[in-house]
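Under our numbering, the letters of the sequence shown match residues 338 to 615, in that order. For every residue, glycine included, the Cβ atom is placed at its ideal position computed from N, Cα and C. Here the structure is a predicted model, which means the values were calculated and not measured. Report on the structure given below.
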Amino acid sequence: MRYAFTLLLTLTACFAAQTLALRAVGGRTAKSESNFFSSIGRIQAGATGKSEVMLLGSSITGRLPDRAQGYHGWANMGCDGGSAVDVLRAMDEGILPRAPLLVIEANTLQLALNQKPTEIAAAMRGPWFKVGLNAPCLAAYARPAAFFYSKLLARRIGGFDSGTGTGDLEVADGPEWITKPHDDGLTPRQKALIQEVAAILQKMKAKGTHSILVWLPPARGDGSTPPDWILELARTGGSRYWDLGQKADSKWITLTDGVHMAAPSAARAVNSLLKAIY
Numbered sequence: 338m339r340y341a342f343t344l345l346l347t348l349t350a351c352f353a354a355q356t357l358a359l360r361a362v363g364g365r366t367a368k369s370e371s372n373f374f375s376s377i378g379r380i381q382a383g384a385t386g387k388s389e390v391m392l393l394g395s396s397i398t399g400r401l402p403d404r405a406q407g408y409h410g411w412a413n414m415g416c417d418g419g420s421a422v423d424v425l426r427a428m429d430e431g432i433l434p435r436a437p438l439l440v441i442e443a444n445t446l447q448l449a450l451n452q453k454p455t456e457i458a459a460a461m462r463g464p465w466f467k468v469g470l471n472a473p474c475l476a477a478y479a480r481p482a483a484f485f486y487s488k489l490l491a492r493r494i495g496g497f498d499s500g501t502g503t504g505d506l507e508v509a510d511g512p513e514w515i516t517k518p519h520d521d522g523l524t525p526r527q528k529a530l531i532q533e534v535a536a537i538l539q540k541m542k543a544k545g546t547h548s549i550l551v552w553l554p555p556a557r558g559d560g561s562t563p564p565d566w567i568l569e570l571a572r573t574g575g576s577r578y579w580d581l582g583q584k585a586d587s588k589w590i591t592l593t594d595g596v597h598m599a600a601p602s603a604a605r606a607v608n609s610l611l612k613a614i615y
């Protein structure tokens, strides 16, 4: 009996310490000891509370700031090693909530052409994921290691300025509607994925959730247009498309590893989205 009481008291103290630590870092951590736990924690945090905009994508999206960094109403749902399709499917199944606007990263949508389910997609359908949605102190972003790794990440990518004070990427235009069909030469798998995801987007649109497909920095490097199947997905899904990576002023783009934006550039990217949306 004494052992059980001591264990209960210790667990209570640990959970209380985690809760206080989460409040101190803005409600969630930014990085955990693996891409898996980082992604699960990011999605659990993004699904908590009310959001006006949700950012869906890979680890490229995962670097973008959200409400934890002063962008109120914005939730980051980036999946390290995955794509926006993992989260879209979970939303379609009712596992995750939807925001009025979804910003869908186009850079890594090709990962969804692999028909094998990702580890993150499988985890979102498990019982522990639901526990983390309802109990922040048991979420993946509350793991003790996450506080340590978040500090390491901050040292690597730099810090975010508060809110919208950083400026933007100085892009003159904004998202556009794709009206020309781009359905020639598509593979059977591309056509199948377009049909699946476009149906989800159209269904969400009918329920009041709109979407924008965005190619985030970095640019493709050769000034080329995105793959035809992505433009066809935007057209058939009723989404606007924005080539932010190609059109951004390169002087504002700093990458930490050739793929992921440093914090100042990531903040500018979100500010550009804010400017285009509102």
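Within the same chain, and ignoring the five residues on either side of A384 in sequence, the residues whose Cβ sits closer than 8 Å to its Cβ are A412, M414, L433, P434, L470. In terms of CA proximity to M461, I377 leads the group I377, L425, A543, R492. Contact between the segment 527-534 and the segment 594-607 is absent, with fewer than three C-beta pairs closer than 8 Å. I590 has its alpha-carbon roughly 34 Å from the corresponding atom of D429.
Counting only the Cα atoms, G504 lies some 19 Å from V390.
As DSSP reads the structure, W514 sits in a beta bridge with R577.
Taking C-beta atoms as the reference points, A606 and P564 fail to come closer than 8 Å. Closest in C-alpha terms to Y408, from the list K453, Q539, N608, comes N608. Per DSSP, the unbroken beta strand (DSSP E) holding I441 starts and ends at 438-442. Around the beta carbon of V468, fewer than 16 other beta carbons sit within 10 angstroms, so the residue counts as exposed.
In this structure, the straight-line span from the alpha carbon of L581 to that of K612 is close to 12 Å. Leaving aside the five residues that flank G574 on each side, the residues in its chain whose CB is nearer than 6 Å to its CB run, in chain order, A535, L538. When the alpha-carbon of H519 is set against those of A458, L392, I567, the nearest one is in I567. In the three-state reduction of the DSSP assignment, N451 falls in the coil class.
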